[in-house]
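Peer 1:
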Amino acid sequence: MAAYINRTISMISADSGSNHSRGLLSTNGDNRHYRESSPLQIFVKAKKKINDIFSEIDDYVQDSCKYVESIRYNEALIDSEEAKKIVEYVTKVKGIRDVLSRDHMKVAFFGRTSSGKSSVINAMLRDKILPSGIGHTTNCFLQVEGSENGEAYLVTEDSAEKKNVKSIGRLAHALCEEKLNEHVLVRIFWPRDKCSLLRDDVVLVDSPGVDITPNLDEWIDKHCLDADVFVLVAHAQSTLMVTEKNFFHKVSQKLSKPNIFLLNNHWDTSASEPEFMEEARVQHTERAIDFLVKELKVCSQKEAAERVFFISAKECLLARTKEQEGLSLQSGALAEGFPTRYFEFQDFERKFEECISKSAVKTKFEQHLQRGKTIASDIRVTMDGLYEKALKLRNDKTEAKKGIYEKLNYTEQRLILLTQQMKEKIQQMVSETEEKVKKALSEEIRRLSVLVEEFNAPFHSDALVLNVYKRELHAHVESGLGSNLRARLSNALAMNIESSQREMTEQMSCLLPADRRQQSFSILTRRQPFEILYRLNCDNLCADFQEDLEFRFSWGVTSLISRFVQGNTRHQMALKNYPSQVPSTPPSSDEWYSQDQSFAHYSGVPRSEEWYTSLISKVAVASVTSQGTIGALLVSGFMLKTIGWRVIFVTGVVYGSLYMYEWMTWTNKAKEKTFKKQYVEHATKKLRLIVDLTSANCSHQVQQELSSTFARLCQLIDQATSDMSSDMKDLEQEIQKLDGAANSAKVLRNKSDYLAKELDMFEETYLRMYN
Numbered sequence: 001m002a003a004y005i006n007r008t009i010s011m012i013s014a015d016s017g018s019n020h021s022r023g024l025l026s027t028n029g030d031n032r033h034y035r036e037s038s039p040l041q042i043f044v045k046a047k048k049k050i051n052d053i054f055s056e057i058d059d060y061v062q063d064s065c066k067y068v069e070s071i072r073y074n075e076a077l078i079d080s081e082e083a084k085k086i087v088e089y090v091t092k093v094k095g096i097r098d099v100l101s102r103d104h105m106k107v108a109f110f111g112r113t114s115s116g117k118s119s120v121i122n123a124m125l126r127d128k129i130l131p132s133g134i135g136h137t138t139n140c141f142l143q144v145e146g147s148e149n150g151e152a153y154l155v156t157e158d159s160a161e162k163k164n165v166k167s168i169g170r171l172a173h174a175l176c177e178e179k180l181n182e183h184v185l186v187r188i189f190w191p192r193d194k195c196s197l198l199r200d201d202v203v204l205v206d207s208p209g210v211d212i213t214p215n216l217d218e219w220i221d222k223h224c225l226d227a228d229v230f231v232l233v234a235h236a237q238s239t240l241m242v243t244e245k246n247f248f249h250k251v252s253q254k255l256s257k258p259n260i261f262l263l264n265n266h267w268d269t270s271a272s273e274p275e276f277m278e279e280a281r282v283q284h285t286e287r288a289i290d291f292l293v294k295e296l297k298v299c300s301q302k303e304a305a306e307r308v309f310f311i312s313a314k315e316c317l318l319a320r321t322k323e324q325e326g327l328s329l330q331s332g333a334l335a336e337g338f339p340t341r342y343f344e345f346q347d348f349e350r351k352f353e354e355c356i357s358k359s360a361v362k363t364k365f366e367q368h369l370q371r372g373k374t375i376a377s378d379i380r381v382t383m384d385g386l387y388e389k390a391l392k393l394r395n396d397k398t399e400a401k402k403g404i405y406e407k408l409n410y411t412e413q414r415l416i417l418l419t420q421q422m423k424e425k426i427q428q429m430v431s432e433t434e435e436k437v438k439k440a441l442s443e444e445i446r447r448l449s450v451l452v453e454e455f456n457a458p459f460h461s462d463a464l465v466l467n468v469y470k471r472e473l474h475a476h477v478e479s480g481l482g483s484n485l486r487a488r489l490s491n492a493l494a495m496n497i498e499s500s501q502r503e504m505t506e507q508m509s510c511l512l513p514a515d516r517r518q519q520s521f522s523i524l525t526r527r528q529p530f531e532i533l534y535r536l537n538c539d540n541l542c543a544d545f546q547e548d549l550e551f552r553f554s555w556g557v558t559s560l561i562s563r564f565v566q567g568n569t570r571h572q573m574a575l576k577n578y579p580s581q582v583p584s585t586p587p588s589s590d591e592w593y594s595q596d597q598s599f600a601h602y603s604g605v606p607r608s609e610e611w612y613t614s615l616i617s618k619v620a621v622a623s624v625t626s627q628g629t630i631g632a633l634l635v636s637g638f639m640l641k642t643i644g645w646r647v648i649f650v651t652g653v654v655y656g657s658l659y660m661y662e663w664m665t666w667t668n669k670a671k672e673k674t675f676k677k678q679y680v681e682h683a684t685k686k687l688r689l690i691v692d693l694t695s696a697n698c699s700h701q702v703q704q705e706l707s708s709t710f711a712r713l714c715q716l717i718d719q720a721t722s723d724m725s726s727d728m729k730d731l732e733q734e735i736q737k738l739d740g741a742a743n744s745a746k747v748l749r750n751k752s753d754y755l756a757k758e759l760d761m762f763e764e765t766y767l768r769m770y771n
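What follows is the structure, given as structure tokens:
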């Protein structure tokens, strides 16, 4: 088996070498005649001619760009889109010239990660130059091209320094710490005599997997627009994936029918399942042909069948490496069927070279030719339009100059008068709003008890439930007061504000040019009408509210004493302006008549009765608050002796009945009523403190709304007056420039006709021979 494999490799290699040797230039006349008559020489001549044409197009676009920049200030003559389009042509033509300046044909290898792209190129180079292995290996673009002096070296984009080829494993391997970015290109120069394709000035480009980055458009723009042939390296163990298809769909959108070869790599794995090998081959072939013919539409059915191959790049590289070293392969080194796979790989190289020789000129130049025609045609249309516009605009500018000065003076004088009127109007609206809000809020505070009674959330005296009840009550009061205020004020205020805004807009819009008046009315356009926000913030305002829901008997001793003390306090407050003080001890009979008679008359109570009442209250308080039994006995004895036990008994029964009645009626409903009463008293005090603040806040909102509208209107008028001033300064200069602009546009229009004829002649000479 090993001997058979070695003989097959030797035969194929010898045949390959003889085929490639026919293409080498030598002193022999026949070889020189073969080189001069080959399609590659047609490519050289066509490349020189189209480079000369695009050099003229570049000069033409540069002149057009300078002309457009000189008139770009005049929007009536050329809009921003037209100017931008002309400027973009500079970059486009530069990109085309950069592509055409290359003197080689380019082959790009693409595929998913671990599909074997690098291994295929290594096999064609007959040495393991590019990094390969399991998983994501190639991290950037690697371009292999022929070395002029027969040396092997590489250079990176950011440096012209020649580096050893072996350093490519450190620069481009995805597992290395010093890996380059995925879009970076590393150029590898390899001796031409080691690869037949490099002898004919073909470069091979390896790429990272198309499934590891979303930047496919960047890849295509940077590395694929000048490619003559694309090789899709697919994994034979799986079918074509959407990622691979999407990439070549993008390529076909930017290139005119690209030449695509499809390699089903790792076909040696089929040797392990020979019973399914043919079925799998047919399945892969059919899917590949459908993709090239029906989806991409880049070739015919017959051409597609000749562009699908089943190979094992790893086996080919191993075989060729051993051949270079003069060693023989072991019988177990290669899988069954290797000679067939090796021959198919060699067949791929032969057909691949024929395809480049046949269609390089068409693939290389056809798209650029059409883009050149499009550029020349588009610029001609633009220049023709600019010529007509320049003549017409010159006449229009002369007429427009007459009325600008008078309009400018009128606008400035009228604006001063309207500004003073609007300030007075806004101040009047602010004062009216503040008074209305203050009055409405005060009335709503007086009706706060009604709003609180409408709150029907479940009530319980438990602390947790009560906290929730408070929060909901705060929200209810906040919402209710805001809703009531909006119902009473918002519609009227909104109508007044809208009326004022419309009035100032109508007056101010008269000062704007006709084409800008609609902008002033658009200021009034809102998604929602203006509405005043009544920020009462009841949560924080009533946060210190503390309820008192403890049961207290209304006829209890403590309650009676409290009432008596409160009444006495109010009585003392009524007499607080009287100059004398009531004595702390009862006066003697001699002193009684010496007191000021006006005091007795003012209080309405004899001094003896006041002293007696004070004595009873002090004894009662001392008896109730005493810690011992002596006080209680004294009070009981005093009452028994004075009133009698029957009266005391009856009074006690009535007193107990009243206590039981009040205790039994102290229900959850009664507690809620008491709670709401306490809350209303507390909230009323707090809300009255913010009446002035709230009304001032609302009036400030109105002032801000009206002032903002007036400021935006003033801004429009300022812009209009600024434009008029600028027009006055520029009109005279523009009239002079328009004459020169018309003449320049006419010259550039005629030059585009000349370039279009040159492109037609190139197409007739070099491209139609392949149609």
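Numbering of the sequence shown is given in UniProt numbering, commencing with residue 1 and proceeding in unit increments. Quick reminder that beta carbons are idealized off the backbone N, C-alpha and C, glycines included. As the structure is a computational prediction, the values presented were derived from the model and not from experiment.
1) Rounding to the nearest angstrom, what Cα-Cα distance links MET11 and PHE261 in this structure?
2) Within a Cβ cutoff of 8 Å, which residues of the same chain sit near ALA305, ignoring the five residues on either side of it in sequence?
3) Could you check which residue in SER328, LEU481, LYS677, ILE356 has the C-alpha nearest to that of SER449?
4) Residues in the same chain with beta-carbon distance under 6 Å from TRP219, minus the five sequence neighbours each way, listed in chain order, please.
5) Take LEU418 and list the residues in its own chain whose beta-carbon comes closer than 7 Å to its own, dropping the five residues that flank it on each side.
6) Is the distance from the Cβ of VAL205 to the Cβ of PHE248 below 8 Å?
7) Where does LYS106 land, buried or exposed, given buried means 16+ other C-beta within 10 angstroms?
8) Measuring CB to CB, does ASN264 end up less than 8 Å from ASP228?
9) Does the beta-carbon distance from ARG287 to SER312 come in below 8 Å?
10) Between the Cα of SER64 and the Cα atoms of MET383, VAL293, ILE168, which residue gives the shortest distance?
11) Helix, strand or coil for PHE599, going by three-state DSSP, please let me know.
12) Would you mind reading off the limits of the alpha helix (DSSP H) that contains ASN484?
13) Using only the alpha-carbon positions, how far apart do LYS358 and TYR754 sit?
14) Measuring CA to CA, which of LYS163, ILE379, LEU216 is closest to ASP59?
15) LEU512: which of LYS470, ASP723, LYS351, TYR153 sits nearest, CA to CA?
16) Going by C-alpha to C-alpha distance, which of GLY150, PHE291, PHE109 sits closest to LEU130?
17) With 16 other CB atoms within 10 Å as the buried threshold, where does ILE616 fall?
18) Is it a yes or a no for the stretch 723-737 touching the stretch 404-413, going by three-plus beta-carbon pairs under 8 Å?
19) Going by the DSSP bridge assignment, what does TYR73 pair with across the sheet?
20) Secondary structure at LYS254, three-state DSSP: helix, strand or coil?
21) Please look up how many angstroms separate the CB atoms of GLU157 and VAL184, rounded, as I've assumed it's under 8 Å.
22) Give every residue of the same chain whose Cβ lies closer than 7 Å to the Cβ of CYS224, excluding the five residues on either side of it in the sequence, and list them in chain order.
23) Is there contact here, the stretch 697-707 with the stretch 382-398, by at least three beta-carbon pairs under 8 Å?
24) So, helix, strand or coil for GLU286, using DSSP?
25) Only counting the same chain, and skipping five residues up and downstream in sequence, which positions put a Cβ closer than 7 Å to that of GLN301?
26) Put TYR153 into one of helix, strand or coil per three-state DSSP.
27) If we count the other Cβ atoms within 10 Å of its Cβ and call it buried at 16 or more, is PHE338 buried or exposed?
28) In three-state terms, what does DSSP make of SER147?
29) So, is THR709 buried or exposed, given that buried needs 16 or more other C-beta atoms within 10 angstroms?
30) State the Cα-Cα distance for the pair residue 772 and PHE675, rounded to the nearest angstrom.
31) Buried or exposed for CYS510, please, with buried defined as at least 16 other CB atoms from any protein chain shown within 10 angstroms of its CB.
32) Give me the Cα-Cα distance between ALA741 and SER752, rounded to the nearest whole angstrom.
33) Once DSSP output is grouped into helix, strand and coil, what is the label at VAL231?
34) Which residues in the same chain as CYS355 place their Cβ atom closer than 7 Å to its Cβ, once the five residues preceding and following it in sequence are excluded?
35) Buried or exposed: where does ILE416 fall if 16 or more other Cβ atoms within 10 Å of its Cβ makes it buried?
36) Give me the DSSP bridge partner(s) of MET504.
Peer 2: The structure says:
1) Residue confidence for MET11 is low, a pLDDT of 48 falling below 50, so the modelled location carries little weight and cannot support an answer.
2) THR285, ILE289
3) LYS677
4) none
5) GLN507, MET508
6) No; because the gap between Cβ atoms is not below 8 Å, this pair is not in contact.
7) buried
8) If you check the CB distance, ASN264 and ASP228 do not come in under 8 Å.
9) The answer is no: Cβ separation not under 8 Å.
10) MET383
11) For PHE599, the pLDDT reaches just 34, beneath the cut-off of 50, and the residue's location in the model is therefore unreliable, although a value from the coordinates is still provided. It is helical.
12) 463-485
13) 30 Å
14) ILE379
15) ASP723
16) PHE109
17) Note that ILE616 has pLDDT 46, beneath the 50 cutoff, so the model's placement of it is unreliable and the number below is only indicative. Counting Cβ neighbours within 10 Å, ILE616 comes out exposed, since fewer than 16 surround it.
18) Below 8 Å, enough C-beta pairs join the stretch 723-737 and the stretch 404-413 to call them touching: three or more.
19) TYR73 pairs with nothing; no bridge assigned.
20) helix
21) That pair is a contact at about 6 Å.
22) Same-chain partners within the cutoff: ALA108, VAL251.
23) no
24) helix
25) ILE289, VAL293
26) strand
27) Within a 10 Å sphere around the beta-carbon of PHE338 sit 16 or more other beta-carbons, which makes this residue buried.
28) DSSP places SER147 in strand when its eight states are reduced to three.
29) buried
30) Since the displayed the chain opens at 1 and closes at 771, residue 772 lies outside it and no answer follows.
31) exposed
32) 17 Å
33) strand
34) VAL229, ASN259
35) exposed
36) DSSP, once it has assigned bridges, lists no residue as partnering MET504.
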